[in-house]
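Colleague:
There are 2 protein chains.
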Amino acid sequence: MKKVTATGSSDFVPPEQRIAVFDNDGTLWAEQPIYFQFFFVIDQLQAQSPQHPEWKTTEPFKSALAGDLKGVAASGENGIVQLVAATHAGMTTEQFARNVNEWMSTARHPKTRRVFTEMVYQPMLELVHYLRDNGFKTYIVSGGGQDFMRAWATAAYGIPPEQIIGSQGELKFELRDGKPVLMKEAKVALVDDGPGKPVGIERFIGRKPIFAFGNSDGDQQMLEWTASGDGARFAGLVHHTDASREWAYDRQSPVGKLDKALDEATAKGWTVVDMRKDWNAVFPAEKK
Amino acid sequence: MKKVTATGSSDFVPPEQRIAVFDNDGTLWAEQPIYFQFFFVIDQLQAQSPQHPEWKTTEPFKSALAGDLKGVAASGENGIVQLVAATHAGMTTEQFARNVNEWMSTARHPKTRRVFTEMVYQPMLELVHYLRDNGFKTYIVSGGGQDFMRAWATAAYGIPPEQIIGSQGELKFELRDGKPVLMKEAKVALVDDGPGKPVGIERFIGRKPIFAFGNSDGDQQMLEWTASGDGARFAGLVHHTDASREWAYDRQSPVGKLDKALDEATAKGWTVVDMRKDWNAVFPAEKK
């Protein structure tokens, strides 16, 4: 694999091929102690729980309502999908976006006490802007919810909604009092994680990216797909090694597990960023 | 509904809202006597038919193989989906694109004897370019196959693959001899027609367009969705009224039926283009 470099005429990449894809959770913003979308899910569940007494005895709802983060994490990807379906469906796309924005403007991370949109990674913001300044079209390709991300990620990263690809549910067109709406249904249309990421990329972009950045085994196939083309290529991983400024985790973590992809990065010479050593800052400076 | 106009400060539209969506079949290129993708399907079926003896006695395959266009049309949308699945699956995305390109460079329309990419509408090409010159992002939102269109529509209309949305099947990521591929599966992921068009728009673009052009009842919900927002809006229909230069059809046509949407256009003041009266040219001039 030939790496993308900023200079050198032999590495010139035609503008239409300048496609860069980024995972979101753990790559563009933090993801501990649980994916941030989970905090939204928990808050939404708690608000709705009086109408759902069965949640008190059914996993993963029981753990989520009790704030038992380990119990939620133990329910795995499938549990995540169930929770997302229960809290992200039965309303219009507009109502859901309002819910997310309302929550995002007030909810705070339990450890840093910052609003979640201030827990984006400063060096990655700079990289996204650098690529755009050099003619790249920057995309998010995330296991997180597409509609959830689109509500805030455009303001956070400068990436427009049509370049934000994520896991998504089915939508249904309806006329309500003569006004068209799109209802969010509790049926998964795409799990944009692992082998689903190249699928999402092909479906939404229709071109193989030349630049991909992730942080976990869920990004492995996206990196393989990106690295497999001809010409200059970049495949990178953020390695969470900074227990004091952020978190340190990899092969054993229930959230953002980095194991097989780390081995493949070593074997194939992908770039691995050591957060503790390589980043001067992790989060943007706090606003005074 | 307030119409989009080229001048007038009160109608100024911020750049990020300049989203224009176009149906393809019957709007950007011709669609008679059957959708052009059908000709591709028939040719692919005929090449494969020795391996599928059951097709001789099963609709819609039987009609398709016999070149019985009415029989194929009578099988409706569901029949279309079956044929597409049978001829568009079981191969990699790359192989499929090669098949389409090979066919597109040689196959000719039975009436005009022109290659199909020369049966795009000259006035619509000019409109697409006009909108782009004025900062619009132009999209195709079509009931036709997304992968089929992406193989040739970028060259034909100057619209990049990520702005070509169509009906689509499931994809599966696989490693073959260590090389990642995406296999096309015989399972429908989205029928991007009728009420599926606003769904495709929301899923892929995440913003409501302000400009939409179609030609049939399959575009009705896309036009309703586009017209329903605040501010300046344009909803238009191509009315096929030109039996000598193209075809004349509307309320009774098995392909590109225009009935309910024509009534709604009249009731709501949408723009209806009369092909015979309004277009100086229909197709691009023949190359000498």
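From first to last, the protein sequence lines are chains F and Y.
The opening residue of the first sequence carries number 1 in the working numbering; numbering runs sequentially from there.
The opening residue of the second sequence carries number 1001 in the working numbering; numbering runs sequentially from there.
Idealized CB from N, CA, C, for every residue including glycine.
#1: Do we get a CB-CB distance below 8 Å when we pair ARG1233 (chain Y) with the residues of chain F?
#2: Is the stretch 1210–1226 of chain Y touching the stretch 1253–1262 of chain Y in the sense that three or more CB pairs, one from each, lie closer than 8 Å?
#3: Roughly how many angstroms separate the alpha carbons of ASP242 (chain F) and VAL282 (chain F), rounded to a whole number?
#4: With 8 Å as the C-beta to C-beta threshold (strictly closer), list the residues of the stretch 9–43 of chain F near chain Y in chain order.
#5: Would you say ARG203 (chain F) lies against chain Y (beta-carbon separation less than 8 Å)?
#6: Put TYR1157 (chain Y) into one of helix, strand or coil per three-state DSSP.
#7: What does GLU224 (chain F) touch in chain B if you count any residue whose Cβ is under 7 Å from its own?
#8: Using a C-beta cutoff of 8 Å, does PHE173 (chain F) count as contacting chain Y?
#9: Quick one, which of F:ALA97, F:GLY26, F:GLN48, F:ASP43 has its alpha-carbon nearest MET183 (chain F)'s?
#10: Does the beta-carbon of PHE1108 (chain Y) have 16 or more other beta-carbons within 10 angstroms, so that it is buried, or is it exposed?
#11: Just by C-beta distance, which residues in the stretch 1148–1160 of chain Y are closer than 8 Å to chain F?
#12: What separation, rounded to the nearest whole angstrom, lies between the Cα atoms of PHE1173 (chain Y) and ASP1274 (chain Y)?
#13: Just to confirm the assignment, what range does the alpha helix (DSSP H) spanning PRO1123 (chain Y) have?
#14: Whole angstroms is fine: what's the gap from TRP29 (chain F)'s alpha carbon to MET104 (chain F)'s?
#15: Skipping 5 residues on each side, what residues in its chain have a beta carbon closer than 8 Å to that of LYS1137 (chain Y)?
#16: Helix, strand or coil, according to DSSP, for THR1007 (chain Y) in the structure here?
#17: Does the beta-carbon of HIS1088 (chain Y) have 16 or more other beta-carbons within 10 angstroms, so that it is buried, or is it exposed?
#18: Where DSSP assigns a beta bridge to SER1167 (chain Y), which residues make up the other side?
#19: Per DSSP, ASP1025 (chain Y) is paired with what?
#20: Report the partner residues of GLY236 (chain F) according to the DSSP bridge assignment.
#21: Just to confirm before moving on: does the CB-CB distance between HIS1240 (chain Y) and GLY1026 (chain Y) stay below 8 Å?
#22: Give me the Cα-Cα distance between ASP1133 (chain Y) and ARG1251 (chain Y), rounded to the nearest whole angstrom.
#23: Answer yes or no: does any C-beta atom of chain F fall closer than 8 Å to that of THR1117 (chain Y)?
#24: Could you give the first and the last residue of the continuous beta strand (DSSP E) run that contains ALA227 (chain F)?
#25: When you check each C-beta in the stretch 1062–1096 of chain Y against every C-beta of chain F, which residues fall closer than 7 Å?
#26: Mind checking who TYR1139 (chain Y) pairs with in its DSSP beta bridge?
#27: Any Cβ of chain Y within less than 8 Å of the Cβ of VAL199 (chain F)?
#28: With distance defined between alpha-carbon atoms, name the residue in F:PHE36, F:LYS179, F:PRO50 nearest to LYS111 (chain F).
#29: Any beta carbon of chain Y sitting closer than 8 Å to that of GLY206 (chain F)?
#30: Assuming ALA267 (chain F) and LEU223 (chain F) are in contact, meaning their beta carbons sit under 8 Å apart, how far apart are those beta carbons, in whole angstroms?
#31: Would you say SER142 (chain F) lies against chain Y (beta-carbon separation less than 8 Å)?
#32: Considering GLU286 (chain F), what are the terminal residues of the alpha helix (DSSP H) in which it resides?
#33: Measure the alpha-carbon distance for SER1063 (chain Y) versus VAL1100 (chain Y) and round it to whole angstroms.
#34: Would you kindly check if the distance between the Cβ of GLU1185 (chain Y) and the Cβ of GLY1169 (chain Y) is under 8 Å?
#35: So is LYS1179 (chain Y) buried or exposed if we call it buried at 16+ other beta carbons inside 10 Å?
Modeller: The structure says:
#1: no
#2: yes
#3: Looking at the two C-alpha atoms, the distance is approximately 9 Å.
#4: Taking 8 Å as the Cβ-Cβ cut-off, the stretch 9–43 of chain F approaches chain Y at GLU16, given in chain order.
#5: yes
#6: helix
#7: In summary, chain B is missing from the structure at hand, where the protein chains are F and Y.
#8: Contacts with chain Y at 8 Å (Cβ-Cβ) include PHE173 (chain F).
#9: For the residues F:ALA97, F:GLY26, F:GLN48, F:ASP43, the minimum Cα distance to MET183 (chain F) belongs to F:ALA97.
#10: Looking at the sequence shown, residue 1108 (chain Y) is not Phe but Arg. That one is exposed.
#11: ARG1150, PRO1160
#12: 46 Å
#13: 1122–1133
#14: 14 Å
#15: ARG1018, ILE1019, ALA1020, GLN1163
#16: Caution applies to THR1007 (chain Y), whose pLDDT of 49 falls short of 50 and renders its modelled position unreliable; the value that the coordinates give is listed next. If DSSP states are grouped into helix, strand and coil, THR1007 (chain Y) belongs with coil.
#17: Only buried fits HIS1088 (chain Y), as 16 or more other CB atoms lie within 10 angstroms of its CB.
#18: Looking at the DSSP output, SER1167 (chain Y) sits in a beta bridge with Y:GLY1145.
#19: Y:TRP1029
#20: F:PHE213, F:THR271
#21: yes
#22: Approximately 35 Å between the Cα atoms of the pair.
#23: THR1117 (chain Y) does not count as touching chain F.
#24: From DSSP, ALA227 (chain F) is part of no beta strand (DSSP E) but of the alpha helix (DSSP H) over 220–227.
#25: Per Cβ criterion, the list reads THR1093.
#26: Y:VAL1021
#27: yes
#28: F:PHE36
#29: yes
#30: Rounded, the Cβ-Cβ distance is 12 Å, inconsistent with contact.
#31: Interface criterion not met: the Cβ of SER142 (chain F) is under 8 Å from no Cβ in chain Y.
#32: Run containing GLU286 (chain F): none; DSSP gives neither H nor E here.
#33: 22 Å
#34: yes
#35: exposed
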